[in-house]
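Asks:
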Amino acid sequence: MDRLIELEDPKISLVTGTALALLAVSSIHSLRRSKRPNRPYRVLETADSTLPVVGNLVDAITRNDDFHDWFMEQTVRFNGRMWRVVIPGQGEMIVATTPEAVEEVLSTQFDTFVKGAYQIAQDNGQVLLCQRARPVHAAVHPEEHATRPYGDGQRHSNETAWDLNALFHDFTIDTFVEMGLGVDLKSIGATTRHAFNEALDDAARIVSQRFRRPEWAWKLERWMNVGEEAVLKRHMDTVHEWMRGVIQESVDGLIQKKQSGVDTSNQVGKSIVELFLEHADEEKDGLSHNDLIDFVLTLVVGARDTTADTLTWLFYALGKHPEVEKKLRDEMKRELTSDRSTYLTTEQLKPLVY
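Just so you know, we're using numbering that gives the first Met the number 0 here: the sequence shown kicks off at 0 and counts up by one.
(1) For H193, which option in R204, A229, F70 and V176 has the closest C-alpha, if you only look at C-alpha atoms?
(2) Which of the three DSSP states is assigned to W82 in this structure?
(3) Should H234 be labelled buried (16 or more other beta-carbon atoms within 10 Å of its own) or exposed?
(4) If I follow the unbroken beta strand (DSSP E) through I93, where does it start and stop?
(5) Output yes or no for whether 8 Å exceeds the beta carbon distance between L253 and L276.
(6) Start and end of the alpha helix (DSSP H) containing A316?
(7) Excluding the 5 residues preceding and the 5 following E227 in the sequence, name in chain order all residues of the same chain whose CB lies nearer than 8 Å to its CB.
(8) So what does DSSP say about L327, is it helix, strand or coil?
(9) Could you compute how far the alpha carbon of A100 sits from the alpha carbon of Y40?
(10) So is M242 in contact with chain B if we call contact Cβ pairs under 8 Å?
(11) Tell me which same chain residues have a C-beta within less than 7 Å of the C-beta of T336, skipping the five on either side of it?
(12) With 16 other CB atoms within 10 Å as the buried threshold, where does N196 fall?
(13) State the CB to CB distance for the pair L317 and Y353, rounded to an integer number of angstroms; the pair is presumed to be in contact (CB under 8 Å).
(14) Using only the alpha-carbon positions, how far apart do W222 and S249 sit?
(15) When burial is assigned at 16 or more other CB atoms within 10 Å of the CB, is Q73 buried or exposed?
(16) Roughly how many angstroms lie between the CA atoms of V299 and A203, to the nearest whole one?
(17) What's the gap between the Cα of A46 and the Cα of D162?
(18) For E273, count the other beta carbons within 10 Å of its own beta carbon; 16 or more makes it buried, fewer makes it exposed. Which is it?
(19) Kindly indicate the opening and closing residues of the alpha helix (DSSP H) around L348.
(20) Which residue marks the beginning of the alpha helix (DSSP H) containing S207, and which one marks its end?
(21) From T306 to T171, what distance separates their C-alpha atoms?
(22) On the DSSP letters alone, give me the boundaries of the alpha helix (DSSP H) that P98 sits inside.
(23) My parser needs the alpha helix (DSSP H) runs of 4 or more residues fully inside the region 208 to 251; what are they?
(24) For the alpha helix (DSSP H) holding T171, just list the boundary residues, first then last.
(25) Comparing alpha-carbon positions, which option in G88, P87 and N78 lies nearest V94?
(26) Quick check: the Cα distance between R243 and I292, rounded to an integer number of angstroms?
(27) Would you mind reading off the limits of the alpha helix (DSSP H) that contains T61?
(28) So, helix, strand or coil for L253, using DSSP?
(29) Using the Cβ count rule (16 or more neighbours within 10 Å means buried), how would you classify Q181?
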């Protein structure tokens, strides 16, 4: 009888009830897992030079001058399959190089890959939806931005050698800055480079070096504001200060136009900043100057080097294979409209072979 009275103690009842609840939850969870189909996950391969503990740190150091070549060598070795790089302090990086894998990440499964809290490429929710929609409207008349810098460039004779890589980088920075901010940097043919361009180049170099260093090392430099991280901060201050000034000029100009009653609704070739400012009242939360700077900066940085490098290698490859150039020209004449002012969509380009 005393034993039964002890079992009626509230503390014992609480412990017993909790244990039974946990047991029930565990049983349900195990039952659900047993009903799930086994999904075969492929273990991603690593380079043969991957070492215990240090991973691919030795590769990053010894192949510093041709690290991209090392990536390509491993990709060829794995026949284009995704593989992983392990560097202490950086975590694991998955390398995806095939068009199918890139399309899966950036298009097909876009919503599956969680974005963070900063930059257009990492924004979630309504701000991302707003940002992703704006460039589409800005590109309605892209030829006005794309052809103007080239038309203003220096003309060369047939005997003069061109540095295509430098030309395409100047062309892309001029084009995308003008599309984003409505400002012509006039880089093509310039004897001195714009401070924005210089700062952006050096900042990109320093950021790329972060991937070859332990995370704690460059974060310590950033916290102490020394070394390359201090240089990076100065360059980004230059970039943000210049862009903030340009955006403020755009705001002031738009206010003046509204006050004077100027109708800009039918104006073509508007910059992305102008589009954002004109539609700012339509957004519930709105965008700050910093949001706008991050958006345009991400657009410029993301489009500049990728476009310039692709154009450089394209012309190099076409020069090596004139038979492919002929097939490319024939396909363009056959499949695309002859109206050069027509904006080509992704759906129109998908069926093209070349």
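All C-beta atoms, glycine included, are put in the ideal place defined by N, C-alpha and C.
Replies: Reading off the structure:
(1) When only C-alpha atoms are compared, the closest one is V176.
(2) For W82, the secondary structure class from DSSP, reduced to helix, strand or coil, is strand.
(3) Buried, by the Cβ-count rule.
(4) Counting along the chain, the unbroken beta strand (DSSP E) around I93 starts and ends at G90 to V94.
(5) Pairing L253 with L276 gives a Cβ-Cβ distance under 8 Å.
(6) Counting along the chain, the alpha helix (DSSP H) containing A316 begins and ends at H288 to K319.
(7) Cβ within range, chain order: I205, Q208, W217 and E220.
(8) For L327, the secondary structure class from DSSP, reduced to helix, strand or coil, is helix.
(9) Between the C-alpha atoms of A100 and Y40 there is a straight-line separation of about 16 Å.
(10) No chain B appears in the structure shown, which is made up of a single protein chain.
(11) Contacts found: none.
(12) By the 10 Å Cβ count, N196 comes out buried.
(13) Contact between L317 and Y353 is absent: CB atoms are separated by about 10 Å, not below the 8 Å threshold.
(14) Inter-residue distance for W222 and S249 is about 34 Å (C-alpha atoms, whole angstroms).
(15) Its Cβ being crowded by 16 or more others within 10 Å, Q73 is buried.
(16) If I take the Cα positions, the gap works out to 12 Å.
(17) A46 and D162 have their C-alpha atoms some 35 Å from each other.
(18) Answer is buried; the Cβ neighbour count reaches 16.
(19) L348 -> alpha helix (DSSP H) spans T345 to L348.
(20) Secondary structure note for S207: its alpha helix (DSSP H) is the uninterrupted segment A194 to R209.
(21) About 7 Å.
(22) Here the alpha helix (DSSP H) through P98 covers P98 to E102.
(23) For the region 208 to 251, whole alpha helix (DSSP H) runs of length 4 or above, ordered along the chain, are 214 to 223.
(24) In this chain, the alpha helix (DSSP H) harbouring T171 covers L163 to L180.
(25) The shortest C-alpha separation from V94 is found at N78.
(26) Just so you know, the alpha carbons of R243 and I292 end up roughly 7 Å apart.
(27) Judged by DSSP secondary structure, T61 falls within the alpha helix (DSSP H) whose first and last residues are L56 to T61.
(28) Here L253 sits in helix by DSSP.
(29) It should be noted that the sequence gives Gly, not Gln, for residue 181. It is buried - the Cβ of G181 has at least 16 other Cβ atoms within 10 Å.
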